[in-house]
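Chemist: Heads up: the sequence shown begins at 6 in the numbering used here, then just goes up one per residue. Every residue gets a Cβ at the ideal spot worked out from N, C-alpha and C, and that includes glycine.
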Amino acid sequence: SKVTKLCDLGIDDSVCSVSWAQRGTHLAVGTSDGEVEIWDASRCQRVRTMEGHRLRVGALAWSSSLLSSGSRDKSILQRDIRAPDDFASKLSGHKSEVCGLKWSYDNRELASGGNDNKLFVWNQHSTQPVLKYCEHNAAVKAIAWSPHLHGLLASGGGTADRCIRFWNTTTNTHLSCMDTGSQVCNLVWSKNVNELVSTHGYSQNQIIVWRYPTMSKLATLTGHTYRVLYLAISPDGQTIVTGAGDETLRFWNVFPSPKSQNTDSEIGASSFGRTTIR
Numbered sequence: 006s007k008v009t010k011l012c013d014l015g016i017d018d019s020v021c022s023v024s025w026a027q028r029g030t031h032l033a034v035g036t037s038d039g040e041v042e043i044w045d046a047s048r049c050q051r052v053r054t055m056e057g058h059r060l061r062v063g064a065l066a067w068s069s070s071l072l073s074s075g076s077r078d079k080s081i082l083q084r085d086i087r088a089p090d091d092f093a094s095k096l097s098g099h100k101s102e103v104c105g106l107k108w109s110y111d112n113r114e115l116a117s118g119g120n121d122n123k124l125f126v127w128n129q130h131s132t133q134p135v136l137k138y139c140e141h142n143a144a145v146k147a148i149a150w151s152p153h154l155h156g157l158l159a160s161g162g163g164t165a166d167r168c169i170r171f172w173n174t175t176t177n178t179h180l181s182c183m184d185t186g187s188q189v190c191n192l193v194w195s196k197n198v199n200e201l202v203s204t205h206g207y208s209q210n211q212i213i214v215w216r217y218p219t220m221s222k223l224a225t226l227t228g229h230t231y232r233v234l235y236l237a238i239s240p241d242g243q244t245i246v247t248g249a250g251d252e253t254l255r256f257w258n259v260f261p262s263p264k265s266q267n268t269d270s271e272i273g274a275s276s277f278g279r280t281t282i283r
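1) Taking H236 as part of the beta strand (DSSP E), name the residues at either end of that continuous run.
2) Quick one: complete beta strand (DSSP E) runs, 3+ long, within the region 53–105?
3) Measure the C-alpha to C-alpha separation of T178 and E140 and round it to an integer number of angstroms.
4) DSSP on E5, reduced to helix/strand/coil?
5) Please list, in chain order, all residues of the same chain as Q243 whose beta carbon is under 8 Å from its beta carbon, the five residues on each side excluded.
6) Look up A159 in the DSSP assignment and give the residues it is bridged to.
7) Going by CA-CA distance only, name the one from D13, K95 and T132 that's closest to G57.
8) Please report the distance separating the alpha-carbon of D241 from that of G75.
9) Quick check on this structure: which residue in T174, C168 and V202 has the alpha carbon closest to the alpha carbon of S187?
10) So L106 and S117 are supposed to be a Cβ contact under 8 Å. How far apart are they, rounded?
11) Let's see if you can read the secondary structure: which residues bound the beta strand (DSSP E) around L11?
12) Consult DSSP for C182 and reduce its assignment to one of helix, strand or coil.
13) State the CB to CB distance for the pair L72 and S22, rounded to an integer number of angstroms; the pair is presumed to be in contact (CB under 8 Å).
14) Distance check for I148 and Y217, CA to CA, integer angstroms please.
15) Am I right that M55 and R84 are in contact with their C-beta atoms under 8 Å? What's the rounded C-beta distance?
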């Protein structure tokens with residue numbers, strides 16, 4: 006349980022987003038000053054600083070050596086970190102802050118969510134969205150592509166919406182909608198089974214494990230005392246970590262390993278401060 010301090014941006018700047026590169030030890034950091042910094046975490050050294058945004062960078066997503074950054078200035082910048090230029094292209098379409106970004110697993114489609122309640126899908130070469138979804142009634146921060154079915158995209162809306170919606174981007178179809186009862190802050194698919202985790206805000210600040218496509222609840226995890234804004238899954242696909250406004254990180258053993266896909270859910274405590282289900 007070692008904690009290493011990577012960077013200190015100074016008194017007038019702050020970290021607004023972080024994202025690991027798909028391979029290697031590089032970490033992208035988005036700042037409130039509108040910059041994107043690339044750090045080598047193994048050496049705790051900053052490799053590069055890239056400009057281009059006028060306001061805070063609240064969303065980051067990698068596609069191989071391409072890094073997408075979304076900002077309060079309503080734009081998305083596509084950055085090839087191998088190239089000398091700070092960015093290669095600018096994507097325009099959102100009318101408010103870009104608060105969610107995710108590349109599909111085949112790196113062909115980028116989904117973006119905004120405070121304008123819109124969900125857009127872009128292809129590798131477009132500077133305008135190829136698909137536009139306007140069904141959400143609040144900001145779309147939570148976005149997740151399924152690793153199991155090509156073109157299956159999940160999105161979650163904020164406080165005035167509360168819904169998880171599913172889309173088939175191959176056929177441009179809205180598949181289904183689930184009212185979760187509270188703000189949807191983040192989403193992640195299991196790598197090993199066809200299940201989805203959502204994190205939430207007021208009033209329970211809970212974490213829910215869903216079976217797809219029935220959307221039956223497999224587990225509801227509680228413990229955070231403020232909205233659960235951050236969610237990440239371990240490389241082996243078994244553990245998730247959540248971060249909340251209560252300034253705590255919590256680790257949960259949620260998903261089975263690929264060799265042991267037992268679907269019976271049990272909740273209990275395990276070592277290292279983790280909570281285990283199944």
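Modeler: With the given structure in hand:
1) According to the sequence provided, residue 236 is Leu. The question's His does not apply to it. Start and end: Y235 to I238.
2) Fully contained in the region 53–105 are the following beta strand (DSSP E) runs of length 3 or more, in chain order: 62–68, 71–76, 81–85 and 94–96.
3) T178 and E140 have their C-alpha atoms spaced approximately 12 Å apart.
4) Because the chain here runs from 6 to 283, residue 5 falls outside it and cannot be looked at.
5) So the qualifying residues of the chain are N197, N258, V259, F260, P261 and S262.
6) For A159, which the question treats as bridged, DSSP gives the partners A149 and F171.
7) The candidate whose alpha carbon is nearest that of G57 is K95.
8) Note on geometry: alpha-carbon atoms of D241 and G75 lie some 28 Å from one another.
9) Out of T174, C168 and V202, the CA that lies nearest to the CA of S187 is found in C168.
10) Sure, about 5 Å apart at Cβ, within 8 Å.
11) Annotation for L11: no beta strand (DSSP E) segment contains it, and DSSP assigns it neither H nor E.
12) Three-state result, C182: strand.
13) About 11 Å; that fails the 8 Å criterion.
14) For Y217 and I148, the distance between alpha carbons rounds to 15 Å.
15) Indeed they touch by this definition, with Cβ atoms about 6 Å apart.
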